[in-house]
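Everything on this sheet refers to the single structure shown next.
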Amino acid sequence: VTTDDGSYGQKGFVTQVLKELLDKDKLIKKVWTIGPAIMMKVTCETTKPYQAETIVSLNSIMVDGTGMCGSCRVTIGGETKFVCTDGPEFNGQLVDWTEFMNRLSRYKDSEKKSWDLYHEHTHVCSCERGTS
24 VTTDDGSYGQ
34 KGFVTQVLKE
44 LLDKDKLIKK
54 VWTIGPAIMM
64 KVTCETTKPY
74 QAETIVSLNS
84 IMVDGTGMCG
94 SCRVTIGGET
104 KFVCTDGPEF
114 NGQLVDWTEF
124 MNRLSRYKDS
134 EKKSWDLYHE
144 HTHVCSCERG
154 TS
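In our numbering, the protein residues as written are 24 to 155.
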């Protein structure tokens with residue numbers, strides 16, 4: 024476990040510790056990574072020279088869960104896949120990360136608007152307001 028600030032586990036980025044582990048143990052042939060897209064992308068870049076298969080769990084936008092809407096479409100090894108039906112786990116070395124991250128940011132404005140509306144109209148229990 025690593026944290027940027029060292030509040031839990033080792034201080035540093037996950038890729039720093041991963042590289043140290045890969046340098047020490049040449050028998051590591053498979054890595055799983057789950058987290059922000061940029062972290063998974065950099066993890067794949069880190070494992071590539073070691074020829075360690077890297078499985079990622081993609082967290083794309085999913086609307087209907089059937090692949091019909093196409094919002095979770097991703098290119099894997101030059102082929103179109105749907106995270107909701109073909110994944111969410113894929114070989115990270117084959118993911119078109121630029122496309123994937125662009126798709127993730129496509130709905131940012133709508134997500135922010137929904138978040139703001141939710142907080143504007145959400146009831147706050149009086150017990151959470153504190154007492155005076």
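For every residue, glycine included, the Cβ atom is placed at its ideal position computed from N, Cα and C.
Could you tell me the alpha carbon to alpha carbon distance between residue i and residue j, rounded to whole angstroms?
{"i": "V40", "j": "G110", "result": "27 Å"}
{"i": "S94", "j": "D132", "result": "16 Å"}
{"i": "E143", "j": "L45", "result": "48 Å"}
{"i": "Q74", "j": "K47", "result": "15 Å"}
{"i": "S155", "j": "S137", "result": "Bear in mind that a pLDDT of 49 at S155, under 50, signals an unreliable position, so the number given afterwards is only what the model happens to contain. When rounded, the distance between both Cα atoms is 32 Å."}
{"i": "K52", "j": "D28", "result": "29 Å"}
Could you name the residues that DSSP lists as bridge partners for residue i?
{"i": "S80", "result": "E112"}
{"i": "I99", "result": "E102, V118"}
{"i": "W55", "result": "I78"}
Could you check whether residue j and residue i sit closer than 9 Å to each other, using their CB atoms as the reference points?
{"i": "R126", "j": "V86", "result": "no"}
{"i": "T103", "j": "T66", "result": "no"}
{"i": "I99", "j": "Y130", "result": "no"}
Excluding the five sequence neighbours on either side, which residues of its own chain have a C-beta within less than 6 Å of the C-beta of residue i, listed in chain order?
{"i": "W120", "result": "K64"}
{"i": "T70", "result": "V54, T77"}
Leaving aside the five residues before and after residue i along the sequence, list all residues of the same chain whose C-beta is less than 8 Å from its C-beta, in chain order.
{"i": "V24", "result": "Y31, G32, Q33"}
{"i": "I61", "result": "M124"}
Verify the contact flag: residue i, CB atom, against every heavy atom of the ligand SAM, threshold strictly below 8 Å.
{"i": "Y31", "result": "Among the components modelled here there is no ligand, and therefore nothing to report on the ligand SAM."}
With a threshold of 7 Å on Cβ separation, who are the neighbours of residue i within its own chain once the five nearest residues in sequence on each side are excluded?
{"i": "V106", "result": "L81, S83, M85, C95, V97"}
Give a yes or no on contact between the segment 51-58 and the segment 27-34, applying the rule of three or more CB pairs nearer than 8 Å. no
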